[in-house]
Structures are given as C-alpha cells and as structure tokens.
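Step one of this worksheet: look at the structure below.
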Amino acid sequence: MRIEKREEKCSECMLCVRDCVMGVWRNVGGKSRVVDLDLCNCCSHCIAVCPCDAIIHDGLKKEEITPVNRKNLNPDVYRDIITSRRSIRQFKNEPVPREIIEKILDVSRYAPTASNSQDIGYIIMTDKHLIEKTAGGIFGLASRLFNKTKNRTGRLLLDLTGLSQNRYLKVMSYVQEQNAQTGRDFILHNAPVLILIHAPKNKPFACDDCNIAAGTIINYAHTLGLGTCFLGLLTLVLRWRGKIRRELHVPRGRRVYAALAMGYPAYQFTNTVSRKKPEVDWV
Ligand SMILES: Cc1cc2nc3c(=O)[nH]c(=O)nc-3n(C[C@H](O)[C@H](O)[C@H](O)COP(=O)(O)O)c2cc1C
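One gets the working numbering by counting positions in the sequence shown from 1 and adding 1 to each.
Next up, the structure:
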C-alpha cells in the first residue's frame, strides 16, 4: 500500500494529522508526514478531510470519494424516516428486484465498523422454498418444545423456572392454531427476502458491526418503500443449529449476528407510535 502527499498541492493545514487517529499522519517539524504506513486501517479520513486534494492513497478507491452534499442532510426528513419505520410482518407476494437489494447493500457499506474492519458478509435468501423450509423447521422445533411443556413434568418445570408466565409460551397455542388454519408463518413472516448478516465468530464488536449495518438497512429500505423486520429468533437458532447454518450457507468461522426479513409491505401504517421516554442521567 502507498500513501503519498502531493507537496505542490498541500497547504500544511494539518487536518490530516489532526484527524488521523491511527497515528499514520504526524506533524514532523511543521510538515504533515506519513510516519507509519502499517498503522493505516484505510478509514479514508485523511483523503476525506483534505481540502486541497493533496493525498494519494492507493488502498482506497478514489472515484468513490466524492464531495459531501450538505444540502441533502435534512433533520426533519431523517426524523420522519425513523419515526415512521415499523417492523413489517405482512408482505405482498412480490419479489424484490435484485438491483434494489444491491442498492441497499451498497449503502450499508457506509455503516461504521470497529477499527474500520469492514468485515461484514451478507447472505441474501430469495428462494421461497428454502425460506419456507427454514421457517417450518424452526416452527416445528418450537412446537415440539412447547408440546413438552403441556404434560405434568413440563408444567412443573415451567412453574419452577418461572417460565409459566412467559408471554411467548402463553401465545404459543394461538400461534399453533393460526399456523395450522391459515399457514401464517410467525417465524420468518412469509418474507420474500431474508438478509443474514455475518462476521467473524467471537471477534470483538462483530455483533455490533452487524447490527449497525442492519439498522442502516432497515431505515434505508424503508425510504425505498420496503418493509423489514429483525428476526432475533432466527439469529438465535442459527447459533445453536449447525444443520440450519449449513442449509443457509453460513461460512465456517463466521456467525450470523443479525437477520432481517424484507419485502413490500402488504399494507401501510397510517400513524407513528408511542414510545417510552428513555432513562437518561446527565453527569
Ligand atoms: C434485536 C431484535 C430482535 C427482534 N426479533 C424479532 C423476531 O424474532 N420476530 C419478530 O417478529 N420481531 C422481532 N423484532 C422486532 C421487535 O419486536 C420490534 O422492533 C418492536 O416490537 C418495535 O416495533 P417496531 O419495529 O415496529 O417499531 C426484533 C427486534 C430487534 C431489535
């Protein structure tokens, strides 16, 4: 990798030095200098902050680094995006074009990652049969476990563990009935697209990186008229069940930290929602 400064363009404003948190750029005798190339994590900050276009960095794609359009940064629009997004659990039976999914993944690249590792992978599932099979498998597993709680020993176990009041257990009979009568999929919501977001297993901040990308996706997808829903249950099951991991092509050594259902909403939400005030301590 090569990072160079075009002396003829540099104004020695030192913004590259001030902004470089890795200590690659330093002030050496009043001049900005690349001191240790190996420290660079290719965050692009030096190039992005330079007002003189004085930096050449061949680890980056220069054509992607474009002027910021501040006029488009509208807080009211952003607030509306956030407050109008809902988890969508009823989708139109309509595929999402591949170009649209690619457009979404192109934006999620800009979500931050710890140490700028950018080590996030996506599995995009659009195979209806595989999605149905996965939902059926997980629902079958949950049903079998639930049925075990109905006998005397099961009930005793629930009482002892305090799980008898668990709201997911309490709703399970209804869920089973609905699934049998209407085929409603309470696990993956009959979604036309699933997005599994993975990163190296047990790497610090891997879970954070994936979920920040997921958060970026849900909001951007919403602006494109798409609905999404986090699938925490699928994420959990993928952690426990190697068979499902293999069926969904999760690469070895990687873990799915976030999973989303995505598709065109079957209907629109007319209103925003009520939320609790957060607990905030000002220190
Ligand atoms: C980490 C996480 C996991 C979730 N897992 C599920 C899930 O497995 N199934 C589901 O239907 N919704 C799931 N949700 C959606 C939440 O229930 C939903 O975000 C919450 O009720 C607020 O509703 P809203 O997203 O419409 O604002 C999950 C949300 C998050 C953040």
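The beta carbon of each residue, even a glycine, is placed where N, CA and C say it ideally should be.
For clarity, every value in this text was computed on a predicted model and none was experimentally measured.
By DSSP, does residue 196 sit in helix, in strand, or in coil?
-> Start at 1 with the first residue of the sequence shown, and residue 196 comes out as number 195. The answer is strand: DSSP assigns residue 196 an E or B state.
When you compare each of 204, 243, 110, 85 to residue 276 by their alpha carbons, which one comes out closest?
-> Residue 276 sits at position 275 when you count from the first residue of the sequence shown. Measuring from the Cα of residue 276, the nearest candidate turns out to be 85.
Indicate the three-state DSSP secondary structure (helix, strand or coil) for residue 29 in the structure shown.
-> Residue numbering aside, residue 29 sits at position 28 when the sequence shown is read from its first letter. Reduced to three states, the DSSP call for residue 29 is strand.
Report yes or no: do three or more beta-carbon pairs, one from the region 253–265 and one from the region 194–202, lie closer than 8 Å?
-> At 8 Å Cβ cutoff, the stretches touch.
C-alpha distance - residue 267 paired with residue 212, whole-angstrom precision | Sequence index remark: in the sequence shown, residue 267 carries index 266 (1-based). Sequence index remark: in the sequence shown, residue 212 carries index 211 (1-based). For residue 267 and residue 212, the distance between alpha carbons rounds to 25 Å.
By a C-beta neighbour count over all protein chains shown, 10 Å radius and 16 as the cutoff for buried, is residue 175 buried or exposed?
-> Along the sequence shown, one-based indexing puts residue 175 at 174. So residue 175 ends up on the exposed side.
Counting only the same chain and skipping the five closest in sequence on each side, list residues whose C-beta sits under 6 Å from that of residue 109.
-> Translated into the one-based positions of the sequence shown, residue 109 becomes position 108. Counting only Cβ-Cβ distances below 6 Å, and skipping sequence neighbours, we find 214, 217, 218.
Exposure label - residue 136; buried when at least 16 CB within 10 Å | Residue numbering aside, residue 136 sits at position 135 when the sequence shown is read from its first letter. Counting of Cβ neighbours within 10 angstroms places residue 136 among the buried residues, the total reaching 16 or more.
Whole-angstrom C-beta distance between residue 49 and residue 6, which should lie under 8 Å | As a working note, residue 6 is residue 5 in the sequence shown. As a working note, residue 49 is residue 48 in the sequence shown. Actually they do not touch by this definition, with Cβ atoms about 15 Å apart.
The beta strand (DSSP E) spanning residue 261 covers which residue range?
-> The count along the sequence shown starts at 1 and reaches residue 261 at position 260. Element bounds for residue 261: 255–264.
Rounded C-alpha distance that separates residue 98 from residue 142 = As a working note, residue 98 is residue 97 in the sequence shown. As a working note, residue 142 is residue 141 in the sequence shown. Cα-Cα distance, rounded: 32 Å.
Out of curiosity, what's the CA-to-CA distance linking residue 223 and residue 82?
-> The residue you call residue 223 lines up with position 222 of the sequence shown. The residue you call residue 82 lines up with position 81 of the sequence shown. Going from the Cα of residue 223 to the Cα of residue 82 covers about 7 Å.
If we ignore side chains and look at the alpha-carbon of each, how far apart do residue 15 and residue 28 end up?
-> For the purposes of this step, residue 15 is taken as residue 14 along the sequence shown, with counting starting at 1. For the purposes of this step, residue 28 is taken as residue 27 along the sequence shown, with counting starting at 1. Answer to the nearest angstrom: the Cα atoms are 7 Å apart.
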